[in-house]
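Below is one structure; the comments refer to it alone.
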Amino acid sequence: MYRRFPTREALVEAVYRNELAHLCAASPELLRTLPPEVALPTWMERFIDFMATKQGMADVLRVVLLSEEDRLRTRDQLRAAIAVLLDAGASAGTLRTGADPNDVLMGLGGISLIAGQENQRGLATRLIGLLLHGVMATAVQDGAVHSGS
């Protein structure tokens, strides 16, 4: 293992980047089998799980992801994954048009911090439900499917 990863930090970075890539690739994969209004919360739950697994590696990740460029690249990748899901839902009329992927990402980040501090996975799921309520098309919230703003 040390031939490939000369330090513990290098191993942690490789694992982190691999898991991040899998999480981001999940957006289009989920949309192949699920409607957008189901794919989005499924991806959000995966995001929370991804963040929860990073709690134990937080100190090492702070060292590994020191540069602002690394942090921005990660945010861009996550925003793009969310945008794929939001755009698909907007096209299907089940998610609001114009929902900002950055706003959704910030909401998810807050949820992961709150739930992680409380160590309550159920709380994260409930908070995701509230966040989803904000991006669902108004008519979907009321039981019918047509676009809301």
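With full-length UniProt numbering, the residue at position 88 of the sequence shown is 88, and numbering never jumps. Just so you know, even glycine gets a beta-carbon here, dropped at the ideal spot from N, CA and C. Predicted model only: the values in this text are computed from it and were never measured.
_Complete runs of the alpha helix (DSSP H) confined to the region 63 to 122 [at least 4 residues]_ = The qualifying runs are 68 to 92 and 101 to 118.
*Cutoff 6 Å; reference residue 83; Cβ partners in own chain excluding five residues on either side*: In the sequence shown, counting from the first residue as 1, residue 83 sits at position 83. If we look at residue 83 and ignore the five residues flanking it on each side, its Cβ neighbours are 101.
*asked:* Could you compute how far the alpha carbon of residue 148 sits from the alpha carbon of residue 36?
replied: Within the sequence shown, the letter at position 148 stands for residue 148. Within the sequence shown, the letter at position 36 stands for residue 36. Confidence is the limiting factor: at residue 148 the pLDDT is only 41, short of 50, which leaves the residue's position unreliable and the question unanswerable from this model.
*Which residue comes first and which comes last in the alpha helix (DSSP H) that contains residue 7?*
As a position in the sequence shown, residue 7 is number 7, starting the count at 1. Unbroken run through residue 7: none, as it is neither H nor E.
*With which residues is residue 136 paired in a DSSP beta bridge?*
Within the sequence shown, the letter at position 136 stands for residue 136. Answer is 95.
*Whole runs of the alpha helix (DSSP H) within the region 26 to 57, excluding any shorter than 4 residues*: 36 to 54
*Excluding sequence positions up to five away, which residues of its chain have a Cβ less than 6 Å from the Cβ of residue 123?*
In the sequence shown, counting from the first residue as 1, residue 123 sits at position 123. Taking C-beta separations shorter than 6 Å and ignoring five residues to either side along the sequence, the partners of residue 123 in its chain run 115, following chain order.
*Are the region 35 to 49 and the region 3 to 16 in contact at 8 Å, needing three or more beta carbon pairs?*
no
*Within the chosen definition, does the region 129 to 137 reach the region 38 to 52 through at least 3 CB pairs nearer than 8 Å?*
Enough Cβ pairs lie closer than 8 Å, so yes.
*Report all residues from its chain with a CB closer than 6 Å to the CB of residue 107; omit the five preceding and five following residues, and keep chain order.*
Taking the sequence shown and counting its residues from 1, one reaches residue 107 at position 107. Close CB contacts of residue 107 within its chain, under the 6 Å cut and outside five residues either way in sequence, are with 131 (chain order).
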